[in-house]
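Just below is one structure, and these are the notes that go with it.
Numbering (this note's numbering), first residue to last: 1 to 102.
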């Protein structure tokens, strides 16, 4: 049975990989994937603290379900923005859409 520290290490690793993906990737879709990984790391933390804390309370599970709903909405809005940017600039590379800056 994994311990709380192992779950926290897994969540920290997922968050770090997601953050590195957001900061280093040049493709808009891969940046969105990095953001999703960071949200999943937060969900792993919530479930781990729920499991090793007061398992009778359903606060952790409810927060995870809320986080999954937020991640789904974020993915839908993000993909809609990516499609709009691609139609305008015909590329999904972040450097080439610098014309969006004020």
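Heads up, the beta-carbon is just placed ideally off N, CA and C, and yes, glycines get one too.
Note that the structure is a prediction, hence the values are computed from the model and not measured.
- Residues of the same chain with a CB within less than 8 Å of the CB of residue 68, apart from the 5 flanking positions on each side, are 43 in chain order.
- In the same chain as residue 9, and ignoring 5 residues on each side of it, no C-beta atom comes closer than 6 Å to its own.
- Between residue 19 and residue 41, the C-beta gap is not smaller than 7 Å, which leaves the two residues out of contact.
- Here the C-alpha atom of residue 4 lies approximately 6 Å from the C-alpha atom of residue 48.
- About 6 Å separates the beta carbons of residue 28 and residue 94, which is inside the 8 Å limit, making them a contact pair.
- Positions of the alpha helix (DSSP H) runs, each at least 4 residues long and wholly inside the region 8 to 56, are given as 28 to 52 in order along the chain.
- At the C-beta level, residue 71 and residue 39 come within 7 Å of one another.
- The beta carbon of residue 85 lies closer than 6 Å to those of 97 in the same chain, with the five residues before and after it left out.
- In the structure shown, residue 93 falls within a strand segment according to DSSP collapsed to helix, strand and coil.
- Judged by DSSP in its simplified three-state form, residue 62 adopts helix.
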